[in-house]
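Numbering (my numbering), first residue to last: 2 to 475.
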Amino acid sequence: MARRLLMTTGSALALLLLFAGPASAQELGETATLQLNIDVVFYMLAIALVFFMQAGFAMLETGLTRSKNAANIMMKNIADMSFGIVAYFLIGFGLMYGATAGGLIGTDSFALTAGSYTDGLTAPMTEPGIPIGVDFLYQAVFAATAGTIVSGAVAGRIRFAAFIVISIALTAVIYPVVGHWVWGGGWLSELGYVDFAGSSVVHMTGGVAALTLAAILGPRRGKFGPDGRARVIPGHSGPFVALGTLILFFGWFGFNGGSVLEADGVAVAPVLTTTVLAGCAGGIAAMLFTWARYRKPDLSMTCNGILAGLVGITAGPDLVGGIGALGVGLVAGVLVALSVAAVDRLGIDDAVGAFSVHGVCGALGCVWLAIFGDGVGLATGTGVGQLITQLTGVVAIAAFVAALSAVVGFGLRAAGALRVSEEEEIEGLDIHEHGMYGYPEAALGASVYPAGPRTSPNGEIVVADTDDRVLQDS
C-alpha cells in the first residue's frame with residue numbers, strides 16, 4: 002500500500018514537472034520580452050529628449066547673437082540635424098561601431114548593412130538586445146549634438162554652405178572616430194578610459210572643433226578694438242537664452258539618463274539626481290561669480306554656468322555621488338566664466354562661449370571622475386592610474402579633433418568658401434544667405450508694414466505709433 006502510494010505520488014509529481022517546465026520557460030520568455038520592450042520604450046523616450054535638445058541649442062544660440070542673423074542660426078541647426086543624421090547613417094555609424102582596425106576606426110556596418118555589429122535595421126544588438134535601429138537613432142542624435150555646438154561659436158560670419166560641410170565632417174568622421182576609441186571597442190576603451198555619456202566624446206569634441214574653426218574663421222567685425230581688447234557684442238534676446246537653456250536642461254534627462262541603456266530605476270535614479278545637482282550648482286556658481294565681479298548677476302553667464310555644470314557631470318554621473326556632483330558644478334560654473342575671458346584675450350571670437358562650456362568643462366568632467374569617482378577616483382584611494390588614463394584620453398581627443406577640424410577649416414578658407422563678405426556680415430546673414438529676415442517688421446519697417454515701425458536716418462528703428470521708444474538695431 003505504501004509502495005503504491007509512493008508510486009502514485011511520484012507519477013503525479015513527474016506529470017506536474019513535465020507540464021510546469023514548459024510553462025515556466027514560456028513565462029520567463031514573456032517576461033524577458035516584456036522587459037526588452039520596456040527598455041526599447043525607455044530608449045526611445047531618451048532619443049526624443051536628446052533630439053529636442055536641437056531646439057534648445059537653436060534658441061540659445063539665436064538669443065546670444067544679433068537679430069540680423071536669427072534665421073541663419075535656425076537654419077544652421079536644422080541643417081545640422083538633417084545632414085548630420087544622414088551622414089552618420091551612411092558613414093559615421095560604421096566608423097564608430099564597425100569591426101575595429103587596430104582600435105582606431107570601425108570598418109563595416111556602414112548604412113546599417115551587414116557587418117560585425119548588425120545584419121540590418123531590424124537586427125538585435127549583441128547587448129543588451131535592443132534593435133539596432135533604436136541604437137543607431139540614439140547615437141545619431143548624439144552626433145548631431147556634437148555638430149550643433151560649432152554653430153554658435155562661428156555665428157555671424159560663416160557661409161551657410163561651409164557650415165554644412167563642417168557639420169558633415171563632424172558627424173560622418175570626427176565624432177565617430179572619437180566614439181570608436183571610447184565606446185566602440187577602440188584603444189581608449191582598452192586602456193580603461195571612462196566617459197559615461199559624452200563629456201569628451203560629444204561635448205569636448207564639439208567644443209574643440211568650435212574653437213579651432215572660430216580661430217581659422219576670424220572674429221566678427223567690431224569684436225576687437227584697435228587696442229586688441231575684446232568688446233561685448235550683446236545678444237538680442239535674453240528670453241531666448243533662458244528658454245534654450247531650460248530646454249537643454251530638460252533634454253539632459255535623456256542625454257545622461259538614457260545612457261544607462263535600460264529601464265533600470267536603481268541605476269537611472271542616481272544618474273538623474275547627480276545631473277540635476279550639477280546643473281543647478283553650475284548656475285549658482287556662475288550667477289554669484291558675475292554678481293561679485295560685475296555687481297550684477299548676468300543672465301547669459303548664469304545660463305552658460307548651468308550648461309557647464311551639466312557638461313561636467315556627463316562623464317561620471319554614476320560615479321561621483323551627490324557631493325561630487327555639486328563640486329563639479331560649482332567648479333564648472335566659475336571655470337566657464339574665466340574661460341570665456343581667456344578666449345577673448347587670445348583674440349578668438351567664440352560668439353556663444355561654446356569652447357568654454359563644452360570643451361573646457363567636458364575635459365573637467367573627465368578628470369573630475371578620476372579624482373572623486375567611486376571606485377576609480379584618486380580621492381577614494383585607488384591610485385593615479387585612472388587619472389593618467391583620463392588625461393591621456395582628453396589630450397588625445399583634443400589633439401585629433403583640432404587637427405581634423407583645422408584641415409576642414411583651412412581647406413574651406415583656401416577655397417574662398419568659408420567666410421561671408423564684409424558687406425554681407427554688416428547687413429546680416431538672414432537676407433544674404435537665405436533671402437529673408439528673421440524679424441521682417443523690425444528690418445523693413447514702414448516700407449512693408451505701414452502701421453509698424455519706421456527707420457530713422459541714423460539706422461535706429463523708431464516705434465512712432467506707441468511711445469516713441471528707440472529700439473537699437475542689434
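C-beta atoms are modelled at their ideal positions from N, C-alpha and C, and glycine is treated no differently.
Environment of residue i [buried if 16+ CB atoms lie within 10 Å]
{"i": "residue 194", "result": "buried"}
{"i": "residue 295", "result": "exposed"}
{"i": "residue 66", "result": "buried"}
{"i": "residue 34", "result": "exposed"}
{"i": "residue 355", "result": "buried"}
{"i": "residue 415", "result": "exposed"}
{"i": "residue 258", "result": "buried"}
{"i": "residue 77", "result": "buried"}
{"i": "residue 265", "result": "exposed"}
{"i": "residue 317", "result": "buried"}
{"i": "residue 424", "result": "exposed"}
{"i": "residue 482", "result": "A query on residue 482 cannot be resolved here, the shown segment of the chain reaching from 2 to 475 and no further."}
{"i": "residue 207", "result": "buried"}
{"i": "residue 191", "result": "exposed"}
{"i": "residue 417", "result": "exposed"}
Cα-Cα separation between residue i and residue j, rounded to whole angstroms
{"i": "residue 454", "j": "residue 438", "result": "Unreliable placement is indicated for residue 454, whose pLDDT of 49 sits below 50; the coordinate value is still reported in the next sentence. Rounded to whole angstroms, residue 454 to residue 438 spans 15 Å at the Cα level."}
{"i": "residue 269", "j": "residue 261", "result": "6 Å"}
{"i": "residue 399", "j": "residue 31", "result": "46 Å"}
{"i": "residue 350", "j": "residue 245", "result": "21 Å"}
{"i": "residue 434", "j": "residue 68", "result": "14 Å"}
{"i": "residue 72", "j": "residue 381", "result": "50 Å"}
{"i": "residue 199", "j": "residue 282", "result": "20 Å"}
{"i": "residue 332", "j": "residue 405", "result": "30 Å"}
{"i": "residue 228", "j": "residue 234", "result": "17 Å"}
{"i": "residue 167", "j": "residue 80", "result": "11 Å"}
{"i": "residue 319", "j": "residue 413", "result": "41 Å"}
{"i": "residue 134", "j": "residue 272", "result": "25 Å"}
{"i": "residue 346", "j": "residue 111", "result": "43 Å"}
{"i": "residue 14", "j": "residue 267", "result": "The predicted model places residue 14 with a pLDDT of 39, which falls under 50 and marks its position as unreliable; any figure quoted below should be read in that light. C-alpha separation (whole angstroms): 39 Å."}
{"i": "residue 109", "j": "residue 165", "result": "25 Å"}
{"i": "residue 336", "j": "residue 289", "result": "13 Å"}
{"i": "residue 313", "j": "residue 445", "result": "43 Å"}
{"i": "residue 323", "j": "residue 369", "result": "13 Å"}
{"i": "residue 220", "j": "residue 248", "result": "29 Å"}
Sequence-distant residues of its chain with Cβ nearer than 8 Å to residue i (five each side left out)
{"i": "residue 383", "result": "376, 377"}
{"i": "residue 226", "result": "232"}
{"i": "residue 205", "result": "359, 360, 363, 364, 367, 395, 398, 399, 402"}
{"i": "residue 427", "result": "222"}
{"i": "residue 422", "result": "none"}
{"i": "residue 131", "result": "37, 40, 41, 44, 125, 262"}
{"i": "residue 385", "result": "379"}
{"i": "residue 46", "result": "255, 259"}
{"i": "residue 201", "result": "179, 183, 316, 363, 364, 366, 367, 394, 395, 398"}
Minimum C-alpha distance to residue i - residue among the options
{"i": "residue 344", "options": "183, 297, 62, 232", "result": "232"}
{"i": "residue 113", "options": "102, 101, 137, 298", "result": "137"}
{"i": "residue 293", "options": "156, 109, 338, 407", "result": "338"}
{"i": "residue 363", "options": "254, 298, 203", "result": "203"}
{"i": "residue 196", "options": "393, 102, 59", "result": "393"}
{"i": "residue 342", "options": "141, 409, 357, 330", "result": "357"}
{"i": "residue 96", "options": "169, 179, 228, 409", "result": "179"}
{"i": "residue 334", "options": "291, 106, 151", "result": "291"}
{"i": "residue 218", "options": "299, 348, 323", "result": "348"}
{"i": "residue 407", "options": "76, 175, 274, 100", "result": "175"}
{"i": "residue 409", "options": "287, 216, 274", "result": "216"}
{"i": "residue 177", "options": "99, 191, 239, 248", "result": "99"}
{"i": "residue 277", "options": "142, 151, 443, 325", "result": "325"}
{"i": "residue 286", "options": "299, 181, 274", "result": "299"}
{"i": "residue 101", "options": "181, 322, 150, 139", "result": "181"}
{"i": "residue 49", "options": "304, 141, 284, 369", "result": "141"}
{"i": "residue 303", "options": "353, 230, 105, 274", "result": "353"}
{"i": "residue 284", "options": "329, 411, 106", "result": "329"}
{"i": "residue 321", "options": "373, 340, 297", "result": "373"}
Sequence-distant residues of the same chain with beta carbon closer than 6 Å to residue i, five excluded per side
{"i": "residue 172", "result": "85, 88, 89, 93, 144, 148"}
{"i": "residue 280", "result": "250, 307, 310, 311"}
{"i": "residue 169", "result": "84, 88"}
{"i": "residue 59", "result": "75, 78"}
{"i": "residue 327", "result": "278, 282"}
Same chain, Cβ closer than 7 Å to residue i, neighbours up to 5 away in sequence not counted
{"i": "residue 236", "result": "64, 65, 66, 242, 301"}
{"i": "residue 371", "result": "377, 378, 379, 387, 388, 391"}
{"i": "residue 431", "result": "69, 70, 71, 72, 73, 437, 438, 439"}
{"i": "residue 82", "result": "55, 145"}
{"i": "residue 429", "result": "69, 70"}
Below-7 Å beta-carbon distance, residue i vs any chain B residue
{"i": "residue 331", "result": "You won't find chain B in this structure, because it holds only one protein chain."}
How about the segment 248-265 and the segment 53-61: do they share at least three Cβ pairs that are nearer than 8 Å? yes
Okay, do the segment 179-188 and the segment 155-163 touch, 3+ Cβ pairs below 8 Å being the bar? no
Is there contact between the segment 148-157 and the segment 204-224, where contact requires at least three CB pairs shorter than 8 Å? yes
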